[in-house]
Amino acid sequence: MPHLQINLLEGKTEEQKQELAKELVKAAQKVIGYGDESYSVTIEDFTSDEWKSEIYPKKIIGRKDILYKEPGYEM
């Protein structure tokens, strides 16, 4: 069952997060299938300091083995 985990820089509204989750599930369904009931989505907010010290070096650049789209920025 697909579970989508989103790490997001803080500041987006709950409405934006709901819409993002909905659209990600729709896109995933087009590509890999499964019904709506099969998907779950988590969205976790991080401060810019947390992004610089934790997310970017450890979860993005540090996980190139599973990184399918590299960022266009460096920290």
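Residue numbers for the sequence shown follow numbering that gives the first Met the number 0, beginning at 0 and rising by one. From the three backbone atoms N, C-alpha and C, an ideal C-beta is built for every residue, glycine too. Bear in mind that the values here come from a model prediction, so they are computed numbers and not experimental data.
Own chain residues within Cβ distance below 7 Å of I59, not counting five before or after
As a first step, residue 59 must be located in the sequence shown, where it is residue number 60. Around I59, the same chain offers L66 and P70 as residues with beta carbons nearer than 7 Å, after the five sequence neighbours per side are excluded.
Under the three-state DSSP convention, the category L66 falls into
Taking the sequence shown and counting its residues from 1, one reaches residue 66 at position 67. Annotated three-state conformation of L66 is coil, per DSSP.
Cβ-based neighbour list, K16, same chain, cut-off 6 Å, excluding 5 preceding and 5 following
The residue labelled residue 16 in the question sits at position 17 within the sequence shown. Sequence-distant partners of K16 (beyond 5 residues in either direction) whose C-beta falls short of 6 Å from its own C-beta, in its chain, are I42.
Rounding to the nearest angstrom, what Cα-Cα distance links M0 and E36 in this structure?
As a working mapping, residue 0 is identified with position 1 in the sequence shown. As a working mapping, residue 36 is identified with position 37 in the sequence shown. Cα-Cα distance, rounded: 9 Å.
Identify whether E43 lies in helix, strand or coil by the three-state DSSP scheme.
Here residue 43 refers to the residue found at position 44 of the sequence shown. The DSSP-derived three-state label of E43 is strand.
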